[in-house]
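Participant: Chains as they are written, first to last, in my numbering: chain A, 3 to 297; chain B, 2 to 256; chain C, 1337 to 1643.
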Amino acid sequence: MPTSMFFDVLIVGIMVGAIYTLVTIGYSMVYGMLKLMNFAHGDVYIFGTLLCYTLLTKYQLNPLLAILLAALSGGTLASLVEFFAYRRLRAAQHRMISMITALGAAYVIQNNSERTWSSQVLPFPSLFPAHQVYVFGHEVSVAPLITLTVAVLFIIVFNLFLKRHKIGKAILCVSQDMPTSSLMGIPINKIITVVYFLGGVLGVIGGILYSTSYNAISLGMGFRGTIVAFTAAVIGGIGSMSGTLIGGMILGITENLVSVYISSSYRDSITFLILIIILLFKPTGIMGSVEKDKL
Amino acid sequence: MALLETQQVTKTFGGVTAVKSISLKVDHGEIVGMIGPNGSGKSSFINLLSGIYKPDIGRILFEGEDITNYPSHAITGKGISRTFQNLRVFSNISVLDNLLIGRHCRIKNSLFNVYLNPLASKKIEKESEASVTSLLEMVDLSDRINDFARNLSYGSQRLLEICRALASEPKLLLLDEPCAGMNPAEVESLSTFLKGLQKSGTTIFIIEHNMKFIMSIAERIIVLNAGEKFREGIPQVIQSDKQVQKIYLGEEEEG
Amino acid sequence: MNKRLVAYSATLIAAIGLPFALSNDPYLLAITNFIIIYSILCLGLNLILGYSGLLSLGHAAFYGIGAYATAILMTKHGFGFLPSLVISGLLALLLGFVLGLPTRKVRGDYFCLLTLAFGEIFRLVTQAWIGFTGGAMGIVGIPIPTVFGWEIKSEVDFYFLGIALLGFTYVTLKMLIESKFGRAFIAIREDELAASVMGINAPIYKILTFSIGSFYAGLAGSYLAVYQTTVTPSNFRLEESCLMIIMVIVGGMGRLEATFPGVAMMAIAIELFRPIAEYRLLLIGAIMILVLLFRPQGFLGASAFKD
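Right, here's the structure in full:
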């Protein structure tokens, strides 16, 4: 029945949307706080995902342990990149200098990953059971539902962290007004390290969830992930958690609908097309606010 | 006809009305000063005049022409130039290039010339160089012409910024706190310089906090308070106005 | 005698004599021709990135537009090289204008994303539109170019064609830079708001610099088409745009003359590291980071970029 398939497609779209949101949070936080387009974002978290693949397949590690290690590694790599490549250039007069540096970091990480894992598509193991269940009278697979739930849980927990935990609140302060936060005694550099770290961790989680859903992981997903993050962040509007969620969802659902109902080979082009349209017509995104130049 | 006229110009940002229905006139050849406590809307007003903000309500007329919605570069082309409160010279290029950029809209060169008539192009560029060099002589900075702007002293950079604004031969010069960071000797020099400018026909509109300076140089003072035009009059009257002192005292008490 | 005239004459003589100095060695000449093509590309990019401060990640797409235009015109429509060259350049100029127009008021970072998207879409289209562009196989069998009866076949022949194009590129860009237009680009780069207030119509100038810079990329593409006799999508990936960016940075942003040592140094480095070609990306990335961290003005660039 077409409605059943549509329902399936919708659920997968929402699942992908939630994953995209996880992946975008890290990028969006960094951009909102530092105005840096972290071109290395995707390559960093794909490194973590690839590492998870190796831990699961080559070392037969317990999945939870593998995921934990991989996420922590991704987060650590993200912080290291910031410390070594970006930190010194934070105050650079021409913003494009940091952007180019980020490109450079992306290439270094990409090349490194390529030498370890090659650019082939590798079979990522399924981590969730493959049953079917009945929801609202329609038969759906369990795996996407579990993936969706896990992703949403992480999003909710992270949101709570930002709003309730001391460090989370500090992050929000620094995002809004760095000079004042600094004067209030918030250690800016440490907070930035935390932001990159958490962004990397969430990205790896998102990457793992995606790879386990599609049973595939490859180096090329890194660049694609960066583009997804850029696009979702722009759709939703920078500097807003709800914006990131909306952006991720819209992108995930749209891509999936197009993939299934039109053609899957156009998926990449659709992402770019959406990006271009939003940048040209509503660059502040759906939830974002217009920035005023300090005069 | 006044050189510059604003009619009930109003600008709101979010919930805050920075400039509230300001109507004023500036006549040819005047030196007009605008004062007011911090946050009274002076900088916002000057940003409206130079096209950086567009008024929500009201009109701005220059020589009778409605320039309310003109972009900044067009306003400069019409004959209004300005300096910035927080100094925005191009630090990483030479003094000469700063001035030539200031003169941009008066340099009548074209791409056609550049590619198809290079001799004419070169000639126009040489003439521009000569005309801005004479500006530097007025402020005694000729010897620094090839230095990077960032290597000049703060006071000299401020003078450079004024020269850069003058490079486009403006009819109206807007100065946003030109005395900030200057020592008394420099302030005195500036005063003399501006009076000389007035003699050669430039109309000047100055925002300033330095009361001694503004009272000595301006022929008319406009006082802003909380975005509105509070008082207008000759310096002596404004200086002795108790109400004006009160709005400044209010600022002191808070400070 | 005019100092510049001396410099130009000396360079001209050196350029003419270079092949003989290299003993007409095809390998060395091939490297030289590589340097020439990338110099043309990077001079255009230096205008956009170095002088005007616009980070374009799509420069390779205009390179590709020029290459495909020449390839298609010469193989499918029997055009001669010179007309193809001109059309390729103008097409790239036009498309630069078309891309620049809607993006002229867009913020710097978003502009960069848009050029990235444009470059990627170009790549995807050339791969997918098999009927027109030959898909992943590209277009082969581009005929030997003839310029006023002179057949351009050997490395030496291509060298002289390349030098002529390079000379044209440099001289015309120099004339632009030394006029009020060049200064306007620099002003926009340094402080766009202040530039507007100085009377510079920033959006128009951004379209201008982008279109003109892309024109030269189109010329380089046309040259590549006849030099390589084939064009494929893999010549014009994002990686190429990044390579050009790093060449401009290493040589020096904001100074035309700095482009040459930048291209030469990177070209030689790539040649030297050919045995470890799988590290190519790593090298490019690492150089990008190191140069920007420690010497952002590159070898000879404008001191506006000094720390």
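Each residue gets a CB set at the ideal place from its N, CA and C atoms; glycine is no exception.
Classify residue 244/B as buried or exposed, calling it buried when 16 or more other Cβ atoms lie within 10 Å of its own Cβ.
Facilitator: Under this definition residue 244/B is an exposed residue.
Participant: Within its chain, find whatever has a CB closer than 6 Å to the CB of residue 42/B; leave out the 5 residues flanking it on each side and keep chain order.
Facilitator: Only 19, 20, 225 and 228 meet the Cβ criterion.
Participant: Verify the CB distance criterion: does residue 1637/C have a CB-CB separation below 8 Å to chain B?
Facilitator: No, residue 1637/C lies away from the interface with chain B (no Cβ there is under 8 Å from its Cβ).
Participant: Do you know how far the Cα of residue 1411/C is from the Cα of residue 1495/C?
Facilitator: If you take the alpha carbons of residue 1495/C and residue 1411/C, they lie about 23 Å apart.
Participant: Given a cut-off of 8 Å on the beta-carbon distance, is the pair residue 170/A and residue 29/A in contact?
Facilitator: No, the Cβ-Cβ distance between residue 170/A and residue 29/A is not below 8 Å.
Participant: Listing by chain order, which chain A residues have their CB less than 7 Å from the CB of residue 1438/C?
Facilitator: The answer, in chain order, is 282.
Participant: Give the DSSP bridge partners of residue 12/B, in chain order.
Facilitator: Answer is 20/B.
Participant: Would you say residue 296/A faces chain C, with C-beta separation under 8 Å as the test?
Facilitator: At residue 296/A the pLDDT is 42, less than 50, meaning the model places this residue with poor confidence and gives no usable figure here.
Participant: Name the residues in the segment 258-272 of chain A whose C-beta lies less than 7 Å from a C-beta of chain C; which are they?
Facilitator: Going along the segment 258-272 of chain A in chain order, one finds 270 and 271 with a Cβ nearer than 7 Å to chain C.
Participant: Just to make sure I have the definition right: I need the residues of chain C whose C-beta is within less than 8 Å of the C-beta of residue 115/B. Which are they?
Facilitator: By Cβ distance, chain C contributes 1511, 1512, 1515 and 1517.
Participant: Any residues in the segment 63-96 of chain B with a beta carbon nearer than 9 Å to a beta carbon of chain C? Which ones, in chain order?
Facilitator: Within the segment 63-96 of chain B, the residues whose Cβ lies closer than 9 Å to some Cβ of chain C are 72, 73, 74, 75, 76, 77, 78, 82, 83, 85, 89, 90, 91, 92, 93 and 94, listed in chain order.
Participant: Rank 1423/C, 1446/C and 1569/C by C-alpha distance to the C-alpha of residue 98/A and give the top, closest one.
Facilitator: Among 1423/C, 1446/C and 1569/C, the Cα nearest to that of residue 98/A belongs to 1446/C.
Participant: Please list the terminal residues of the continuous beta strand (DSSP E) segment that includes residue 134/A.
Facilitator: Where residue 134/A is concerned, the enclosing beta strand (DSSP E) stretches over 134-137.
Participant: CA-CA distance, residue 215/B and residue 55/B?
Facilitator: Rounded to the nearest angstrom, the two C-alpha atoms are 27 Å apart.
Participant: Expressed to the nearest angstrom, what Euclidean distance is found between the alpha-carbon atoms of residue 1380/C and residue 275/A?
Facilitator: Their backbone Cα atoms lie some 27 Å apart in a straight line.
Participant: At 8 Å on the CB atoms, spell out the chain A contacts of residue 1378/C, in chain order.
Facilitator: Chain A residues near residue 1378/C: none, gap ~14 Å exceeds 8 Å.
Participant: Under a Cβ-count criterion, where at least 16 other Cβ atoms within 10 Å of its own Cβ denotes burial, should residue 4/B be classed as buried or exposed?
Facilitator: By the 10 Å Cβ count, residue 4/B comes out buried.
Participant: Let's see if you can read the secondary structure: which residues bound the alpha helix (DSSP H) around residue 43/A?
Facilitator: Looking at the DSSP string, the run of the alpha helix (DSSP H) that includes residue 43/A is 43-59.
Participant: Quick one: which chain B residues come within Cβ less than 7 Å of residue 1535/C?
Facilitator: Residues of chain B passing the Cβ test: 74, 77, 78, 105, 106 and 169.
Participant: Expressed to the nearest angstrom, what Euclidean distance is found between the alpha-carbon atoms of residue 1374/C and residue 1580/C?
Facilitator: C-alpha separation (whole angstroms): 7 Å.
Participant: Counting contacts by CB-CB distance shorter than 8 Å, is residue 44/B in contact with chain C?
Facilitator: Chain C, which has no Cβ nearer than 8 Å to the Cβ of residue 44/B, makes this no.
Participant: Taking 8 Å as the cut-off, does the segment 143-153 of chain B touch the segment 169-183 of chain B (at least 3 CB pairs, one atom from each stretch)?
Facilitator: These segments do not touch.
Participant: Could you list which residues in chain C have their beta carbon closer than 7 Å to that of residue 177/B, in chain order?
Facilitator: Here the premise fails: no neighbours, minimum Cβ distance about 11 Å.
Participant: Hey, how far is the Cα of residue 213/B from the Cα of residue 235/B?
Facilitator: Spanning the two alpha carbons is a distance of roughly 14 Å.
Participant: Give the DSSP-derived three-state secondary structure of residue 146/B in the structure shown.
Facilitator: Residue state, collapsed to three classes: coil.
Participant: Of the choices 1613/C, 1608/C, 1409/C and 1390/C, whose alpha-carbon is the least far from that of residue 1589/C?
Facilitator: Closest by alpha carbon: 1390/C.
Participant: Does the count of Cβ pairs from the segment 74-89 of chain B and the segment 1476-1484 of chain C closer than 8 Å reach three?
Facilitator: No, because fewer than three Cβ pairs between the segment 74-89 of chain B and the segment 1476-1484 of chain C fall closer than 8 Å, the two stretches do not touch.
Participant: Could you tell me which residues DSSP pairs with residue 1358/C in its beta bridges?
Facilitator: Bridge partners of residue 1358/C: none, in fact.
Participant: According to DSSP, simplified to helix, strand and coil, what is residue 229/B?
Facilitator: The answer is strand: DSSP assigns residue 229/B an E or B state.
Participant: If you follow the beta strand (DSSP E) that residue 63/B is part of, which residue opens it and which one closes it?
Facilitator: Where residue 63/B is concerned, the enclosing beta strand (DSSP E) stretches over 58-63.
Participant: Short of 7 Å Cβ to Cβ, which residues in the segment 78-91 of chain A face chain C?
Facilitator: Cβ contacts with chain C come from 87, 90 and 91.
Participant: If you drop the 5 nearest sequence neighbours on each side, which residues of the same chain put their C-beta closer than 6 Å to that of residue 1565/C?
Facilitator: Cβ within range, chain order: 1478.
Participant: Give me the Cα-Cα distance between residue 1616/C and residue 1623/C, rounded to the nearest whole angstrom.
Facilitator: Spanning the two alpha carbons is a distance of roughly 11 Å.
Participant: Could you pull out every residue in the same chain whose Cβ sits closer than 7 Å to the Cβ of residue 12/B, ignoring the five residues on either side in sequence?
Facilitator: Closer than 7 Å at the Cβ level, and outside the excluded window around residue 12/B, lie 19, 20, 45, 49, 54, 56 and 57.
Participant: Ordered along the chain, which non-local residues of its own chain (more than five positions away) have a Cβ less than 7 Å from that of residue 193/A?
Facilitator: Here the set comprises 172, 173 and 176.
Participant: Just verifying my parser: in three-state terms, what is the DSSP assignment at residue 286/A?
Facilitator: Coil.
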